[in-house]
Every structure is written in structure tokens, then in C-alpha cells.
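To start, the structure itself, in C-alpha cells.
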Amino acid sequence: MTDTTTPTNTQEWFYPSEEVLQGAIIKDYDALYKRSMDDLEGFWAEQAETLDWYKKWDTVLDDSNAPFYKWFVGGKTNIAMNALDRHVKTYRRNKLALIWEGEAGDQRTYSYYRLWQEVNKFGNVLRSMGVRKGDRVTIYMGRVPELIIAMMACAKIGAVHSVVYGGFSEQALADRIEDAQSRVLVTQDGSWLRGNIVDLKKVADEAVKRSAVVEHVIVYKRTGHNVMMEADRDYWWHDLMALPIASTKCETEVMDAEDPLFILYTSGTTGKPKGILHTHGGYAVYTSTTLKWVFDLKDDDRFWCAADPGWITGHSYIVYAPAILGVTSFMYEGAPTHPYPDRWWKMVEYYGINVMYTAPTAIRGLMRFGSTWPNRRDLSSLRLLGSVGEPINPEAWKWYFDVIGKGKCPIMDTWWQTETGGFMITPMPSVGLKPGSATRPFPGIDVDVVGEDGKPVKAGEDGLLVVKRPWPGMLRTVYGDPERYKNQYWGKFKNLYLAGDSARKDEDGYIWVIGRIDDVIKVSGYRLGTAEVESGLVSHPAVAEAAAIGLPDELKGNIIYAYCILREGNQPSPQLEDALKNHIRHEVGPIAVPAHIEFVKQLPKTRSGKIMRRVLKARALGQPEGDVSTLEE
Ligand code: PRX
2 MTDTTTPTNT QEWFYPSEEV LQGAIIKDYD ALYKRSMDDL EGFWAEQAET
52 LDWYKKWDTV LDDSNAPFYK WFVGGKTNIA MNALDRHVKT YRRNKLALIW
102 EGEAGDQRTY SYYRLWQEVN KFGNVLRSMG VRKGDRVTIY MGRVPELIIA
152 MMACAKIGAV HSVVYGGFSE QALADRIEDA QSRVLVTQDG SWLRGNIVDL
202 KKVADEAVKR SAVVEHVIVY KRTGHNVMME ADRDYWWHDL MALPIASTKC
252 ETEVMDAEDP LFILYTSGTT GKPKGILHTH GGYAVYTSTT LKWVFDLKDD
302 DRFWCAADPG WITGHSYIVY APAILGVTSF MYEGAPTHPY PDRWWKMVEY
352 YGINVMYTAP TAIRGLMRFG STWPNRRDLS SLRLLGSVGE PINPEAWKWY
402 FDVIGKGKCP IMDTWWQTET GGFMITPMPS VGLKPGSATR PFPGIDVDVV
452 GEDGKPVKAG EDGLLVVKRP WPGMLRTVYG DPERYKNQYW GKFKNLYLAG
502 DSARKDEDGY IWVIGRIDDV IKVSGYRLGT AEVESGLVSH PAVAEAAAIG
552 LPDELKGNII YAYCILREGN QPSPQLEDAL KNHIRHEVGP IAVPAHIEFV
602 KQLPKTRSGK IMRRVLKARA LGQPEGDVST LEE
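Under the working numbering, the sequence shown has 179 at position 178, and the numbering climbs by one with no breaks.
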């Protein structure tokens, strides 16, 4: 197992070095996987034992009301107790929980003790505003430590956080506040990106105007630029944290394992985003187990997940799992290329990062600047690398492996989703890699590739990716819409979770994820529904009908291409195209802005009036249109 040759095509194997393998926590994946499948509940109970519980569970898995599965039923815990309270009673009290660097180069560090204190203080602030167990709090911030503090404080007092990515616009934020019915919004004046201020407070103000449910807004001061503060509604974070009420002692709410921890909105096939709901118990067990084994994290590691806490990757692997494991997590505020394209590599060197986890789109983006930038830095602290969000193409894999990992760091290509809570299909150090494949299911995860009939397809054939047995980190429901949960994920096949991806399983049992089967587009790793872009476009007075598709792009994976039919009296023009793009920027957010908008007279539709995006895509790519028997034109 010492062949460390670089793969030149996607069928080549790569084995981690003896050194990585010798030190690995899990040395025999196959044996562990078999054990987990033979006794699923026993396996998960064993992992749950590594966490602290106020009261142990009575039942590991309750499947009596499938697909509304419950895990560790009767167990009492709180994820904040596992992430903070228990560590301050040990040597970890003085260990760094978080290292943070601002875009301007400012640094802050938090020991577990300090983080615990800050979380306690903010927990008390929230309680003083009347936030109680089960109440929802929306958080709309940039990548600052206060975002983590706010999330953990919610968890600590039993409130349910709903973090909205700082790149979303006023309407998207308002919709999410409205759906969650949050009375409290936590935001900041602005965040730094490429040396510019992203005016978060302005967006928040507009969102609050559109969603009357918000009573209090807490504003963390980061940029110090002038913002509007409305009397009796808006409060500065630092003022509140200086009040006597913000004591460093805050009682942790004792939660049922199945009590909700957070809602995270994600795009689906309709214009309305889905509030994916995760819980205190199962999510804690699942995220910590996956992180420990896949990234092989030891107590002295420095782990950098370069995602945003506003996405599931950040929730699970910046905020919660590293803290549960008691490792040191690193977070950076700004753009990867600011002020120069070596910013990330400079920080790897400076902080001695051991494990780095990012997305193919970021790798491709940095790869464009050539190898000289990373080559100038000492990256020898790196032991393992990770990738997530979309399939990683061979060129990016090779560059990441050779230039960043210097040919000695295996790449953990992790397939998972907002809905799954943590890694599902992923290598770990004792699994041989095939670049481009997320490899094998994590222990306890039973996946398969099936045809339209729900039966497994032959090796090498394309099919639908499904999960055959429940797992502790799974979503419990779509917030406020259990029917949508049932139909979307469990409606197509009885007892199979439908991931929404197409995939292939090869002769060795390796899974190759191909892409989405539904109307979800992955742009720079972000998940967007075609329906969100379309409903954004038709909300403009000039647009009668719209269709959006994803087209392949070298850098972003996909770009959005939109077609619009104009209302009577409007003429196509470059000015109108710009106006529509600007409109989307405000309605949905910058990530949803189409790269091109084409004005058309007609759209290909089925007789029942459904737009055939598949046909639009084939035409745009100059490919055969396939079966068009249902097309009415
Ligand atoms: O299509 C798959 C793709 O991202 C989708 C999930 O998106 P989201 O909920 O935003 O979560 C992203 C971060 C976990 C999946 O349905 N995807 C994610 N990871 C991979 C991937 N596709 C291929 N390979 C991956 N490693």
C-alpha cells in the first residue's frame, strides 16, 4: 500500500502513504463497515457513547413512524454541552477552540474557556430578550467569531437557529425570517470582502421591513461604517454584552435528543426554499463521528474548513463537530485572493494547518493563478485534504494533490447534502482513492444506485443515488411542511431516501456521483433551484415567463443561463438585461444572477404546460434533444 503515484486518469488508484495509514484512527475500513451493517443500532450506540448525555437514551432508533425516524429516543443532552461545557472541565479549558483571521489581517483566538464564556454571555442576552426553548432566531452575518458564538448560544438555551448566508438578498432573508417566524435577528453592520464593505445591516433593515415578525435586531459592529439603528428595535452587540445581565454563567437547557437544533434553508425544485431541520442528539453523534474518522482528527490538529458557516458544511464542520471533538478550528473572514492569490497558503503556513477542507470551485479559482503562489509557502504541515460540494474534476484533483498536498496528502472527496447533516460517501485514510469518486459509504451508511424501478442497477450503469437505512444525522423534516419532506425524499421509492443525484457504482463498489437529477443547479458549489431564479425573473414587471438552466463552466462548475419572454410593450435590450440581473441580485442574491439572459418569443413546453428545461439545455449545448414526443411548440 505504498504506491503514491499521481493519477493521470480517473480510473487510477491512489493509496495513502504508510505514514498516514499507520497513524490513522480507523485502520480497517472494510471490517468497520461490515460491523456497522451487521448491527446498525449497536454501532451507532457505540458512537453515541463517546458523547456526554444528561440521561442515556432508551431506544437507539425508533422507526415506528417512518420516514419520521427518531434517534436516541429518551436521551437528554445539548450539543453546546458537548461542544463547550464538558471541555472547560478538562485540560481543554486552555486549548484553542478557534483561531480567526480577518480579511485585513487582524487576528483573534478563543480558548475553549473564553468561547464558553462568550457563548454564556450571549445566551443570557438572548434569554433577556425573551428567547426561550424552541423559539427561532435568524442569524445573518459574515464570517466572524460572533456568528459562531450566536449559533452556540442559541443551542445552549434551546433556541433554534436559522443562519442565512450573508450573500443572500433582502427578499431571500425576509422569506426565511417569515417562514421561521423569528422574533430576533442577529446581524452585523457590514462584513469585509475584497477590501470592500458588504452592507449587511442595510439588507437586514429592508428584510425586516418586509417581514414584520422581527421585534429585536442585534447588531455586531465589525466595519464601523454608518448604519441606521432604529430605537427600541436595534441594539449593539457590544452594548448588550456589557450589561450585567450578560453574565458568564448561563444554564444549559436540557434538551431531548430529538429537539430541534437548527433550521437551514436550501434550494429545492420549487421557488420556496426548504427549511431543513436537524436535532441536538443525532446530529452531534453523526457530525463528530464523521469528522473524527474521515479527517482523522487528533487532539493536536488544526483543522480548517474553508466553507461559510452559513452553509451546512460550515454548520457541521466549522462550528459543531470540531468543538465536540475538542480540536482547534480555523476560520478566515475574507476572499481567498485578497490582497494576493497566496492568501490561503500564507495562512496554512502561518497557522500550521494540518487538515484543509474546501470545494472544487475554490481550488479551480486558485489554480488559475498558477503554482508559484502556493510554492512560495511552506505547506508541509498539511496531512490531509478534503473536497465537497460537487464532483471534483481530474485537473483540479491533480493540482490540489500535487501542488498543495505535495503528493503526500490523500484527498477526502466527501459526498453529502444539507439534508444528510454530515459526510455520507467518503474516503478515510484506510480507503484507496480513485480521483473523481467519493469512494465508499461511511460506516453505518447503506447506499445504492437504483433504476426507475427502485432495483439496483448493474455495475457501471447510471442510476439514482439512494440511502437504504436511516442514519443519526439525517434531516427530521422540512420545517413546517412534513408532507414536503415525505414526498420529496421518500415519495419515489418506499423506504429509500432519494438524494436527488445520479450516480454510478463501479466494479469495486466505488460510487461516482454525476450530478443532480432535478431542477437544482450547483453554481460555485452553491445550490440553487431553477425555480428560484425563474420566480425572481417573473417578479420583474417586464417579464411574462422565464426559464433557467445550468450550463457547464470551467471555473464555477455551472453557470445560470436564463430565457425570458417579455410582456407586451417591452423590447429586448442590453439595458433590460442589466436591469433584470440587478433585480435578481436584490430578489435572491448575487449568487443567483444569470450569466446570460436571452429574450425569446416562446419556450419549449409539454402539452400540460411544463417548461422542458432539458430541451433548452440540449439546444444551448448543441446536443440532440432526446425524446420530444411530449413537446408542444
Ligand atoms: O449534488 C450533490 C453535490 O451537492 C449536493 C448537496 O448540496 P448542498 O446541500 O448544498 O450541500 C453541499 C455540501 C455538503 C449533492 O446532492 N455534492 C456535494 N458533495 C459532492 C457533490 N457532488 C459530487 N461530489 C461531492 N463530493
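Ideal placement from N, C-alpha and C gives every residue a C-beta, glycine not left out.
Let me check understanding here. Comparing Cα to Cα, which of the options lies closest to residue i?
{"i": "G282", "options": "I149, L148, R477, Y351", "result": "R477"}
{"i": "N355", "options": "Y113, G335, F296", "result": "F296"}
{"i": "D502", "options": "V539, A360, D519", "result": "D519"}
{"i": "V629", "options": "A621, G623, R608", "result": "R608"}
{"i": "V349", "options": "V220, I405, K606, N583", "result": "I405"}
{"i": "F402", "options": "E391, V448, R384", "result": "R384"}
{"i": "F600", "options": "I585, E546, M332, E588", "result": "E546"}
{"i": "Y333", "options": "A105, V138, I426, V468", "result": "A105"}
{"i": "M357", "options": "F370, Y341, S330, D343", "result": "S330"}
{"i": "D257", "options": "Y55, R378, I592", "result": "Y55"}
{"i": "P436", "options": "D233, L386, N197", "result": "L386"}
{"i": "K506", "options": "D176, V514, N95", "result": "V514"}
{"i": "L434", "options": "K203, P411, V450", "result": "P411"}
{"i": "R36", "options": "D53, P444, G481", "result": "P444"}
{"i": "L581", "options": "P261, I198, R615, E535", "result": "E535"}
{"i": "F304", "options": "D233, S382, P395", "result": "S382"}
{"i": "L97", "options": "Y30, P146, Y490, D190", "result": "P146"}
{"i": "D463", "options": "R195, V451, K469", "result": "V451"}
{"i": "N66", "options": "Q182, G558, P471, H339", "result": "P471"}
{"i": "G390", "options": "G516, P337, A247", "result": "G516"}
{"i": "G75", "options": "A81, R87, W58", "result": "W58"}
With 16 other CB atoms within 10 Å as the buried threshold, where does residue i fall?
{"i": "H226", "result": "exposed"}
{"i": "T415", "result": "buried"}
{"i": "W14", "result": "exposed"}
{"i": "A460", "result": "exposed"}
{"i": "Q624", "result": "exposed"}
{"i": "N83", "result": "buried"}
{"i": "E20", "result": "exposed"}
{"i": "N488", "result": "exposed"}
{"i": "D343", "result": "buried"}
{"i": "M229", "result": "exposed"}
{"i": "E259", "result": "buried"}
{"i": "E50", "result": "exposed"}
{"i": "L116", "result": "buried"}
{"i": "Q572", "result": "exposed"}
{"i": "Y351", "result": "exposed"}
{"i": "G570", "result": "exposed"}
{"i": "I550", "result": "buried"}
{"i": "E252", "result": "exposed"}
{"i": "Y111", "result": "buried"}
Apart from the five residues just before and just after residue i, which ones in its own chain have a Cβ nearer than 6 Å to its Cβ?
{"i": "H597", "result": "Y562"}
{"i": "K134", "result": "G159, E254"}
{"i": "D136", "result": "A160"}
{"i": "D64", "result": "Y70"}
{"i": "R365", "result": "A397, L556"}
{"i": "A175", "result": "A208, R211, S212"}
{"i": "V544", "result": "L538, C565"}
{"i": "P8", "result": "For P8, the predicted structure reports a pLDDT of 38, less than 50, and the residue's modelled location is therefore unreliable. A value from the coordinates is still provided. Once the five neighbours on either side are set aside, the close Cβ partners of P8 are F15, P436."}
Skipping 5 residues on each side, what residues in its chain have a beta carbon closer than 7 Å to that of residue i?
{"i": "D509", "result": "none"}
{"i": "T1", "result": "For residue 1 there is no data in the structure shown, the boundaries of the chain being 2 and 634."}
{"i": "A154", "result": "V120, F123, G124, L127"}
{"i": "H239", "result": "K222"}
{"i": "K407", "result": "L380"}
CB-CB under 8 Å to residue i, same chain, minus the five flanking residues each way: which ones, in chain order?
{"i": "T288", "result": "S317, Y318, Y321, A322, I325, G422, G423, G474"}
{"i": "M152", "result": "I140, H162, V164, F263, P310, H316, V320"}
{"i": "T271", "result": "G530, A532"}
Which residue or residues does DSSP assign as beta-bridge partners of residue i?
{"i": "W193", "result": "I198"}
{"i": "R505", "result": "D463, W513"}
{"i": "K56", "result": "K77"}
{"i": "W416", "result": "I426"}
{"i": "I405", "result": "Paired residue(s): none; I405 is not in a bridge."}
{"i": "P457", "result": "V451"}
{"i": "A645", "result": "Since the first residue of the chain shown is 2 and the last is 634, residue 645 is not available in this structure."}
Nearest chain B C-beta to residue i closer than 8 Å, yes or no?
{"i": "V534", "result": "No chain B appears in this structure, which consists of one protein chain only."}
Worksheet item: Taking only runs of the alpha helix (DSSP H) that begin and end inside the region 553-585, which ones reach a length of at least 4 residues, in chain order?
Response: none
Discussion item. If we require 3 or more residues per run, which beta strand (DSSP E) segments fall completely within the region 59-98?
Written reply: 60-63, 71-74
Item to complete: For the region 144-197, list the beta strand (DSSP E) runs that are entirely contained and at least 3 residues long, ordered along the chain.
Response: 161-164, 185-189, 192-194
Worksheet item: Can you give, in chain order, each stretch of the beta strand (DSSP E) that sits fully within the region 264-345 and has at least 3 residues?
Response: 275-280, 303-306, 329-333
Item to complete: Report the residue ranges of all alpha helix (DSSP H) runs contained in full by the region 11-45; include only those spanning at least 4 residues, in chain order.
Response: 19-24, 30-39
Worksheet item: Counting only runs that start and end within the region 229-265, where is the alpha helix (DSSP H) found for 4 or more residues in a row?
Response: 238-242
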